Amino acid sequence: MQPRSLVMGLSLLAIACSPVEERTETGNTPQAQGQSPTTALSTPVQVRVAPVQSAQLHWQASVPGVIEAFRKAVVAAEVDARVVVRSVEPGDPVQAGQPLVVLDDERARIARDQAAADLRRSEANAAQADSELVRGRDLFARQFISEDRLDALRFAVRRNRAQAVAAKAQLAAAQRALADTTVRAPFAGTAEQIHVQAGDYLKRGAAVATVADFSRARVRAGVTASEASRLAGAQTAELALDALGGRRLSGRIQSVARLSEPASGTYPVEIWVEDPEGVLREGMVATVHVPYAAVDSPASVPAEAVFRRGGTMHVFVVESERAHLRPVRIGRTGDGQVEIIDGLATGETVVIDGQFALRDGAQVTIVGGS
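In my numbering, the protein residues as written are 299 to 668.
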């Protein structure tokens, strides 16, 4: 029994140590299916491609901007007086010079009348002094009065003329104070807010109304130094307003500042936008699209060809039905194209669809292009 057990143990040990291929079923091997292991791992990936070509890029800057009224003023009282009439209400359109609020003018009228009387008296005194000087010169020539008396007459003329000038100025001030009892709109627009009611007593400088002109609007935005250097006054810009459902309006660049904002480091840009329909409101945020001049690019590819990998921009270049990963340095973008500064040459072919299923050296099948 012991020799037989020894023989069976050796047979089992021989089977366990035999090669794996000899224990694999014939039908499951790549060789049995007529394929090599290399062929099984290199199935071509279907891709779309585009050529690297020179192009003229039309590109633009897109920056946020804030809508402001073209003109806005807080109109204040110029005199101390009580409100007797509130002539307009919030939302009313107003014309330049239209009354907004009327103040009590009784004291102003009394002061005006008093100043007018003072002027008449001063002018009469000045006329009398002139007449006395004429007579005094005649008397001095005939030696009836002394030179000191003549000098006194001359001084009286100068004094009375100065008093007449002062009285005229006082009358002008009184007339201005009387006119200021009617608070008027400084320009055409809308009475956005009325801050007083009839019966309120106002001190000089108290806010009466806020008037805004929205016949056009100012849009204030900030751009980088490189963007500012490419902008120019009178250049057109397009605004997209999310608050109005993405509505677009056309505007004109009025100014590009040469001094940057200390807080943001950007350069203020002011754009004027016509608003005949009155749809704009102060504080709305707009996306400002500013087109730059067209730029000739010696090498450009569709934007979808370029992707970031490992912190570097790459493309897949197709050569001999294989895709090769290549790093590139990009420049400006525009019209769906990306400028290639380094890494590609005109005439080469890049993958624009399917590249995320590729690895360097993968076989590809071209199924379309642009």
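Cβ atoms here follow ideal geometry from the backbone N, Cα and C, with glycine treated the same way. Computed from a predicted model, the values in this text were never measured in an experiment.
Check: Taking 8 Å as the threshold, find out whether the segment 452-462 comes into contact with the segment 384-402 through three or more Cβ pairs.; Outcome: no
Check: Reducing DSSP to helix, strand and coil, say where A504 ends up.; Outcome: coil
Check: Check this for me: beta carbons of F614 and V648, under 8 Å apart or not?; Outcome: yes
Check: Could you check whether G363 and V586 sit closer than 8 Å to each other, using their CB atoms as the reference points?; Outcome: yes
Check: Does the count of Cβ pairs from the segment 346-355 and the segment 646-664 closer than 8 Å reach three?; Outcome: yes
Check: Can you check whether the CB of R502 is closer than 8 Å to the CB of D378?; Outcome: yes
Check: Beta strand (DSSP E) containing P442: first to last residue?; Outcome: The question names Pro, but residue 442 in the sequence shown is Phe. Unbroken run through F442: none, as it is neither H nor E.
Check: Measure the CB-CB distance between A597 and A643 and report whether it falls below 8 Å.; Outcome: yes
Check: Just verifying my parser: in three-state terms, what is the DSSP assignment at E320?; Outcome: With a pLDDT of only 32 at E320, under 50, the local geometry of the prediction cannot be trusted, and the value read off the model is given with reservation. E320: helix per DSSP, three-state reduction.
Check: Ignore the nearest five residues each way along the sequence and tell me which others in D658's own chain have a CB closer than 7 Å to its CB.; Outcome: H622 and L623
Check: Cβ of A464 within 7 Å of any heavy atom in the ligand FAD?; Outcome: Looking for the ligand FAD in the displayed structure turns up nothing, as the structure carries no ligands at all.
Check: Just mark S527 as buried or exposed, buried being the case when its beta carbon has 16 or more other beta carbons within 10 Å.; Outcome: exposed
Check: Classify A467 as buried or exposed, calling it buried when 16 or more other Cβ atoms lie within 10 Å of its own Cβ.; Outcome: exposed
Check: Find the nearest neighbour of H612 within the set V481, Q491, Q653 and Q533, judged by alpha-carbon distance.; Outcome: Q653
Check: Looking at C-alpha atoms only, which residue of G520, L547 and M582 is the closest neighbour of L557?; Outcome: G520
Check: In the segment 340-375, which residue ranges form an unbroken beta strand (DSSP E) of at least 3 residues, counting only runs that do not cross its ends?; Outcome: 343-349, 351-355 and 358-374
Check: Starting from S595 and walking both ways along the beta strand (DSSP E), at which residues does that stretch end?; Outcome: V593 to P600
Check: Please specify which runs of the alpha helix (DSSP H), each continuous and at least 4 residues long, are wholly inside the segment 552-630, giving them in chain order.; Outcome: none
Check: To test your reading of the DSSP string, which unbroken beta strand (DSSP E) runs of 3 or more residues are found completely within the segment 380-455?; Outcome: 397-401
Check: Are the segment 574-594 and the segment 534-551 in contact at 8 Å, needing three or more beta carbon pairs?; Outcome: yes
Check: Please state whether DSSP places R657 in a helix, a strand or coil.; Outcome: coil
Check: For a quick check, are the C-beta atoms of V481 and V373 less than 8 Å apart?; Outcome: yes
Check: Once DSSP output is grouped into helix, strand and coil, what is the label at Q468?; Outcome: helix
Check: Is A510 near E525, with beta carbons less than 8 Å apart?; Outcome: no
Check: Could you check the C-alpha separation between P301 and T341 for me, to the nearest Å?; Outcome: Here P301 scores only 44 on pLDDT, less than 50, and its place in the model should not be relied on; the value that follows carries that caveat. When rounded, the distance between both Cα atoms is 56 Å.
Check: In or out: G434 buried (at least 16 other Cβ within 10 Å) or exposed?; Outcome: buried
Check: If you reduce the DSSP assignment to three classes, tell me which class L311 lands in.; Outcome: In this prediction, L311 has a pLDDT of 36, which is less than 50 and means its spatial position is unreliable; what the coordinates show is noted afterwards. Here L311 sits in helix by DSSP.
Check: Assuming V637 contacts A515 (C-beta within less than 8 Å), just tell me the rounded distance between them.; Outcome: Residue identity differs from the one stated: residue 637 is Glu in this sequence, not Val. In fact, because the Cβ distance is near 35 Å, the residues do not count as touching under 8 Å.
Check: Output the distance between the C-alpha atoms of S618 and V626, rounded to the nearest integer angstrom.; Outcome: 20 Å
Check: What residue range does the alpha helix (DSSP H) around A523 cover?; Outcome: A523 to R528
Check: For D498, which three-state DSSP category applies?; Outcome: coil
Check: Would you mind giving the Cβ-Cβ distance between E383 and G497, rounded to the nearest angstrom? I have them listed as a contact below 8 Å.; Outcome: The amino acid occupying residue 383 in the given sequence is Val; Glu does not appear at that position. That pair is no contact at about 11 Å.
Check: So, I569 versus R546, is the Cβ gap smaller than 8 Å?; Outcome: no
Check: At the level of alpha carbons, what is the spacing between E430 and A477?; Outcome: 39 Å
Check: Which term fits Q635, buried or exposed, when burial requires 16 or more other beta carbons within 10 angstroms of its beta carbon?; Outcome: buried
Check: Identify whether V377 lies in helix, strand or coil by the three-state DSSP scheme.; Outcome: coil
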